[in-house]
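So the structure is just underneath, and the comments pick up after that.
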Amino acid sequence: MSLYFPPSLRVDFEPRLGGQSTWQDHAAFGYDLVAAKAPRLLVELGSQRGFSFGVFCQSARTHSLDCTCYAVDTWAGDEHTGSYGEEIYDKLASHIREYYRHYAYLLRMTFDEAVGQFSDGSIDLLHIDGLHTYEAVSHDFHTWYPRVAAGGVILFHDIAERQGDFGVWKLWEELQQQHPCFTFKHGHGLGVLRKPGGVELADEPQLIQLLFGGSAEDRQTVAEMYSIAGQFLKNRRQARKFREGREQAIKRKMTGQA
Ligand SMILES: C[S@@+](CC[C@H](N)C(=O)[O-])C[C@H]1O[C@@H](n2cnc3c(N)ncnc32)[C@H](O)[C@@H]1O
Numbered sequence: 004m005s006l007y008f009p010p011s012l013r014v015d016f017e018p019r020l021g022g023q024s025t026w027q028d029h030a031a032f033g034y035d036l037v038a039a040k041a042p043r044l045l046v047e048l049g050s051q052r053g054f055s056f057g058v059f060c061q062s063a064r065t066h067s068l069d070c071t072c073y074a075v076d077t078w079a080g081d082e083h084t085g086s087y088g089e090e091i092y093d094k095l096a097s098h099i100r101e102y103y104r105h106y107a108y109l110l111r112m113t114f115d116e117a118v119g120q121f122s123d124g125s126i127d128l129l130h131i132d133g134l135h136t137y138e139a140v141s142h143d144f145h146t147w148y149p150r151v152a153a154g155g156v157i158l159f160h161d162i163a164e165r166q167g168d169f170g171v172w173k174l175w176e177e178l179q180q181q182h183p184c185f186t187f188k189h190g191h192g193l194g195v196l197r198k199p200g201g202v203e204l205a206d207e208p209q210l211i212q213l214l215f216g217g218s219a220e221d222r223q224t225v226a227e228m229y230s231i232a233g234q235f236l237k238n239r240r241q242a243r244k245f246r247e248g249r250e251q252a253i254k255r256k257m258t259g260q261a
């Protein structure tokens, strides 16, 4: 593979906004994709605690990109997440205010309500992570596709999840027949689709070229690298939690609180 040294490895990237999310496996890739693609307009459909959105915003700020980020969610939950409390929204809103004021915005509404706020061909990076039934994700994809710029990238989370009525995998199987696509199978799976048109692939940044024009070996290497990166971030976080727990236990013991 032509030498690719991702920003996430160069700076020893760590997500600033922690918290529980099945998106953790893809944090390093999300960070590098934003750095590579340098989107001017990024939209996420489905944010909940904002893990993936936080990663995108962090990369946009760290790389001083001229990028505006929107997260769309009712912050009420859906059939798969279940309903959740106001504190989820409040915590994310205060994180965004603290670190990404004037760069990132939360649109608290349904995806269908939000789509009218964006013009056709305007979105450079779209992340679809709402309700994961086949019907819902197909609807989200077809409704938002015209808003994506030629050469823009669309991410689909949970393409490898087959439990219950999850159906992103089914849409992903169909889309792969019709569009340039790259599949990450690790974690719950992440699909990366490039909308045809726009700049020639040869003029795209190296990561995009590897994803959509690399040899089978290059693509395999990229998939493995980001699987390892995801595992590394998870392990490091677990090790830190474990260490903090031990330190607190020792403190309690020393102060006689045990
Ligand atoms: C899987 S979670 C998002 C996870 C998030 N991307 C992360 O990094 O952890 C899905 C979210 O989509 C929202 N959602 C689902 N369908 C929606 C719709 N049609 N309009 C607005 N929000 C929706 C839910 O409220 C929920 O918070």
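For the sequence shown, the working numbering gives the first residue as 4, with consecutive numbering after it.
Even glycine gets a Cβ: it sits at the ideal position worked out from N, Cα and C.
None of these values were measured; they are calculated from a predicted model.
- For Tyr108, the three-state secondary structure derived from DSSP is strand.
- Excluding sequence positions up to five before and after Ser11, its CB lies within less than 7 Å of the CB of Ala31, Tyr34, Asp35 and Ala232, all in the same chain and listed in chain order.
- Ser55 is positioned such that its CB atom lies no closer than 8 Å to that of Asp143.
- Taking C-beta separations shorter than 8 Å and ignoring five residues to either side along the sequence, the partners of Lys198 in its chain run Tyr148, Val151, Ala152, Ala153, Gly154, Gly155, Val156, Ile157 and His182, following chain order.
- Counting only residues whose CB is nearer than 5 Å to a non-hydrogen atom of ligand 1, the list in chain order is Ser24, Trp26, Gly49, Gln51, Phe54, Ser55, Asp76, Thr77, Gly80, Asp81, Thr84, Thr113, Phe114, Asp132, Gly133 and Leu134.
- Within the stretch 51 to 135, the runs of alpha helix (DSSP H) that reach at least 4 residues and sit entirely inside it are, in chain order, 54 to 65, 89 to 103 and 114 to 117.
- Annotated three-state conformation of Leu210 is helix, per DSSP.
- Between the alpha carbons of Leu193 and Cys184 lies a gap of roughly 11 Å.
- For the pair of segments examined, the stretch 103 to 112 was found to touch the stretch 59 to 75: the number of CB pairs separated by less than 8 Å reaches three.
- Taking 8 Å as the cut-off, the Cβ atoms of Val75 and Val46 count as close.
- The three-state reading of DSSP puts Leu12 in helix, counting H, G and I together.
- Taking C-beta atoms as the reference points, Gly49 and His98 fail to come closer than 8 Å.
- At least 8 Å separates the beta-carbon of Ala117 from that of Leu128.
- DSSP, read as helix, strand or coil, puts Gly216 in helix.
- With a cutoff of 8 Å on beta-carbon distance, His29 and Phe187 are scored as near each other.
- Remark: C-beta atoms of Thr77 and Thr113 approach each other more closely than 8 Å.
- When DSSP states are grouped into helix, strand and coil, Val202 belongs to the coil group.
- Within the same chain, Cβ atoms closer than 6 Å to the Cβ of Gln209 are found at Tyr7, the five residues on either side in sequence being excluded.
- In the three-state scheme derived from DSSP, where H, G and I count as helix and E and B as strand, Gly22 is classed as coil.
- Excluding its 5 nearest sequence neighbours in each direction, Pro42 has C-beta neighbours in its own chain below 7 Å: Cys70, Asp127 and Leu128, listed in chain order.
- Contact check for Ile211 and Lys40: beta-carbon distance about 7 Å, within the 8 Å limit, so the pair qualifies.
- About 6 Å separates the Cβ atoms of His191 and Ala163, confirming a contact at the 8 Å cut-off.
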